[in-house]
Every structure is written in structure tokens, then in C-alpha cells.
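Student: Under numbering that gives the first Met the number 0, the first residue of the sequence shown carries the number 0, and numbering increases by one thereafter. Even for Gly, the Cβ is constructed at its ideal location relative to N, Cα and C. Attaching a single structure in C-alpha cells format; questions to follow.
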Amino acid sequence: MNIIQHATYSHQDVEVQSRKILYSGFIQVEKVSLRHRLFNQTEYTSVIQRELIQRKQAAGVLIYSDLQQKFALIEQFRIGAVDDEISPWQLEVIAGVLDGDESPESCVRRESLEESGCEVKQLQHIFSFYPSAGACDEIFHLYTAQANLPETGGIFGVADEGENIQLHILEYAVLDELLAGSRLRNAPIIIALQWLKQHIASLNIS
């Protein structure tokens, strides 16, 4: 079995000609002119232009409890899903953007308190990945953590930041139905719940 351990090329095989800021706000948009190497050739592409969305790194955590056989998800309005045929209110893992030079671990601990009231201590790193590398440079750091979950959910979030977040506390028993349904529409929650499914299987929980 051939497993690709190393990238074919590196950042040194990209020639950036120019970068121009088109918009700067909560996100920044740049127009980048560049050339890059072609596979199995010594030549480069002709100069191409791409729009690059620059966004702060983010981190999220799936909080669960083997003792309670429950896990926590949140639901909130997302502008990126404003035209979603099911709902702009997305189910997600608890998450947020890193503040300044904050570490991903510090970020998820802070967000856990803000969005669920749960204190998480031991974190397990699952993946760090680009959610949408075709246009955005954001890196998402995904963790899981066990914690004592409340019996019911509630409304959370920082009002000054325009957050209105509903916490859902779900039984392990609904996981398969959730994964088979149409409510999971973003990469972090799908990855996290697939991880949880494997974790539960390893415990032989029926």
C-alpha cells in the first residue's frame, strides 16, 4: 500500500508576483498573482490570479462523557449557510477563533466555558486541517475532551459578540441516526462524530 507521507512540492515551488488587499475587516481578502510548478515538469504555470480569504486560526472541541453516555453540540446561525435549504442554523462542535497569540488548547477551554459552561481539562488532539483551502487560509484545530455534562442544554454565548448559541446534550444512542441524517453540514462536526463513533465501538457500549 502506497501512503503519501511527503508533499510533491513545497512553498518554494510557488512564485508570488504580487499581493493586493481588496478588503480588510473581520476577514481580509487579497488578490494574489502567482506561478507554481507543474507535476512531472520543470516548467511553471503562466501567471494566474486568485482571491485569498485570510482568517484567524480556529479551534474546536467535542465534549463527551462515557460515564453519562452523552455528548454536547451547539446550534447557531451562520452567514455562510444563509442560503442553506435545510437551515442557516448549523449544528457544530464548540469552537472559536484564536485570540492574539492564544494557543488552540487555551482557545477551546475558553470557548467551552462560554458556549456550554463546561470546564475541560484533558484534551485529545484529533486533526489540524484547512476547512476550505481552495479559497481560505484558515486552519482549524480539532480536539475531544471528557467532561461532566449538564443534564439539559441551554442558551449560551457572549452577547457583546452577537452570539446566541443553543447547547444540545445528546445521548450516545442517537449518534448513528445523526450521522445518517442531513443536519451535519460542516467538516469539524463530521470528523468529531466519526471519531466518537469509533471511540464508542472501542468501549463496546451497546
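The alpha helix (DSSP H) that contains Glu29, what's its start and end?
Tutor: Element bounds for Glu29: not the alpha helix (DSSP H) but the beta strand (DSSP E), Gln27 to His35.
Student: Would you say the segment 22-35 touches the segment 64-81, given that touching needs at least three Cβ pairs under 8 Å?
Tutor: The segment 22-35, when compared against the segment 64-81, does not touch it at the 8 Å Cβ threshold.
Student: Do you know whose CA, among Ile3, Gly59 and Ala6, lies nearest Glu110's CA?
Tutor: Measuring from the Cα of Glu110, the nearest candidate turns out to be Gly59.
Student: Flag this pair as touching only if the segment 56-76 and the segment 160-173 have three or more C-beta atom pairs under 8 Å; answer yes or no.
Tutor: A contact exists between the segment 56-76 and the segment 160-173.
Student: Would you identify the three-state DSSP class for Tyr8, choosing helix, strand or coil?
Tutor: In the structure shown, Tyr8 sits in coil (DSSP, three-state: anything other than H, G, I, E or B).
Student: Quick check: what's the CA-CA separation for Leu66 versus Ala146?
Tutor: Their Cα atoms are separated by approximately 10 Å.
Student: Verify whether the separation of the beta carbon atoms of Lys55 and Val92 is less than 7 Å.
Tutor: No, the Cβ-Cβ distance between Lys55 and Val92 is not below 7 Å.
Student: Quick check: the segment 36-48 against the segment 133-144, are there 3 or more CB pairs under 8 Å?
Tutor: Taking 8 Å as the limit for Cβ pairs, the verdict is that the segment 133-144 does not touch the segment 36-48.
Student: Compute the Euclidean distance between the alpha carbons of Val15 and Asp136, then round it to the nearest angstrom.
Tutor: Cα to Cα, Val15 sits roughly 16 Å from Asp136.
Student: Can you check which of these residues, Ser64, Gly24 and Ser17, is closest to Gln48 by C-alpha distance?
Tutor: Checked all of Ser64, Gly24 and Ser17; the closest Cα to Gln48 is Ser17.
Student: To the nearest angstrom, how far is the alpha carbon of Thr7 from that of Ala191?
Tutor: Straight-line Cα distance between these residues: approximately 29 Å.
Student: Roughly how many angstroms lie between the CA atoms of Ile188 and Leu90, to the nearest whole one?
Tutor: Taking the straight line from one Cα to the other gives about 8 Å.
Student: Between which two residues does the beta strand (DSSP E) holding Ala146 run?
Tutor: First-last for Ala146: undefined, no H or E at that position.
Student: What does a CB cutoff of less than 6 Å around Cys117 pick up in its chain, not counting 5 residues either side in sequence?
Tutor: Closer than 6 Å at the Cβ level, and outside the excluded window around Cys117, lie Ile62, Ser111 and Ala146.
Student: Pick from Glu50, Val173 and Trp88: whose alpha carbon is nearest that of Ala132?
Tutor: Among Glu50, Val173 and Trp88, the Cα nearest to that of Ala132 is on Glu50.
Student: Note down, in chain order, each residue of its chain lying with its Cβ closer than 8 Å to the Cβ of Leu174, except the 5 sequence neighbours on either side.
Tutor: Counting only Cβ-Cβ distances below 8 Å, and skipping sequence neighbours, we find Phe70, Leu192, Leu195, Lys196 and Ile199.
Student: Based on the DSSP output, what are the partners of Tyr63 in its beta bridges?
Tutor: Its beta-bridge partners are Phe70 and Gln145.
Student: Could you give the uninterrupted runs of the beta strand (DSSP E) lying entirely in the segment 119-143, keeping only those of 3 residues or more?
Tutor: The qualifying runs are 123-128.
Student: Kindly indicate which three-state DSSP category Ile2 falls into: helix, strand or coil?
Tutor: Note: Ile2 maps to coil in three-state DSSP.
Student: Please state the DSSP three-state secondary structure of Ile190.
Tutor: The answer is helix: DSSP assigns Ile190 an H, G or I state.
Student: With C-beta atoms as the reference, is Ala134 less than 7 Å away from Ala94?
Tutor: Against a cut-off of 7 Å, the Cβ pair of Ala94 and Ala134 comes out as no contact.
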